[in-house]
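The next block holds one structure in the form of structure tokens; read it before the comments.
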Amino acid sequence: SFKERMNEKKEHKKAHSDKPTQWIRRFPGYYSFLHILVIISFLGLSLSGATLKFADQPWAKFISDILGGIAVTGSMHRFCAVITFAYFLLHIIGMFKIMRKNRQSLASFILNKNSMLPNLNDLKEFIQTVKWFLRLGQKPDYGRWTYWEKFDYFAVFWGVAIIGSTGLILWFPELFTHWLPGWVINIATIIHSDEALLAMGFIFTIHFFNTHFRPEKFPMDTVIFTGKVTLEEFKKERPREYQQLVDENKLDELLVPPPTKNTLFIAKIFGFSALSIGISLVLLILWAFLYIFIS
């Protein structure tokens, strides 16, 4: 239960409060930088896009006025779209650099045991997790990536492909209607708007819960900002990856100094700001649908 997991978290902290804490690097700084770009662009796209989709709502006009009006929100939306395409391209370049560094083929990179590609083991861990929730089994030994993290990862790919492509059609309608029928603009408008709404709903609820609001992470997980996690936490959360690193004698290579207090402070300010904006948007969107339903 939630209470039991919170108590377990408190007991774990108490048990290790008097011991020197070791930290391990989970993400390189490059990944943290890319994720910060994802957060900034997604929040910017969500804020500016919501003011247009819910333009009949007083709160949408209020947000639009704060941001500078419809002309500014339009420019803001396009600027954040450019950031989105930029981080997507940087991520692809980063993957090819890793492949080149490790002398991997595309197939071996995609199919290795630490790949982000879903596999049968993810299905097995999903079933084990459901049983654990129902107290019918033990918590699975998660590895480098969990099934929900892989889902989140591919959600970004799906979003950039679908929302990004339709957004480009709406941004440059004259160009695309040179070789596409005019009705494609209407279809692109519907797909872009509804897929974006789905993305906001997912990120600001499911992703937020899985990443920050689980009892063992509440109120926020700073690992994506600092790239670091305590060794005890890592061992507990990723036992399969921990054992793999021990077996391959690679664990010591990843031990790092703890993040500074200033780094943690900045990470928490930035993280809580993003969480606040996202949750507020979800509540405003729910209010808009409720308003439509009762009016």
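Quick note on numbering: our numbering labels position 137 of the sequence shown as 163, and the sequence is numbered without any gaps.
Beta carbons are placed, not taken as given, at the ideal position from N, Cα and C, and that holds for glycine.
Residue state for R170 is assigned as coil, using DSSP reduced to three classes.
Just measuring C-alpha positions, the residue of K243, G304 and S321 sitting nearest I66 is G304. Between L69 and A300, the C-beta gap is smaller than 8 Å, which places the two residues in contact. Sequence-distant partners of T110 (beyond 5 residues in either direction) whose C-beta falls short of 6 Å from its own C-beta, in its chain, are S67.
For R104, the enclosing alpha helix (DSSP H) starts and ends at I96 to K127. A distance below 7 Å between beta-carbons, with the five flanking residues on each side excluded, links D247 to the following residues of its chain, in chain order: T237 and H238.
Inter-segment contact for the stretch 75-90 and the stretch 118-126 is absent: fewer than three beta-carbon pairs are separated by less than 8 Å. Here the alpha carbon of I188 sits roughly 38 Å from the alpha carbon of N288. In the three-state reduction of the DSSP assignment, L143 falls in the coil class.
Note that the stretch 171-179 does not touch the stretch 189-201; fewer than 3 beta-carbon pairs, one per stretch, sit closer than 8 Å. DSSP places I311 in the uninterrupted alpha helix (DSSP H) bounded by K287 to I320. Residues of the same chain with a CB within less than 8 Å of the CB of E221, apart from the 5 flanking positions on each side, are G185, I188, I189 and T192 in chain order. The DSSP-derived three-state label of R266 is helix.
Straight through space, the alpha carbons of S72 and F105 are spaced by roughly 13 Å. I50: not part of any alpha helix (DSSP H); member of the beta strand (DSSP E) spanning W49 to R51, first to last residue. The Cβ atoms of R52 and G297 do not sit closer than 8 Å to each other. As for any beta strand (DSSP E) of minimum length 3 sitting wholly inside the stretch 177-257, the runs are 254-256, ordered along the chain. Cβ atoms of I195 and F202 come within 8 Å of each other, at about 5 Å.
Residue environment for P285: buried (at least 16 other C-beta atoms within 10 angstroms of its C-beta). If you look at L71, you'll find it in the alpha helix (DSSP H) that goes G55 to K79.
Considering only I62, T172, I311 and H204, the residue with the shortest C-alpha distance to F152 is T172. Here P245 is exposed, its C-beta having fewer than 16 other C-beta atoms within 10 Å.
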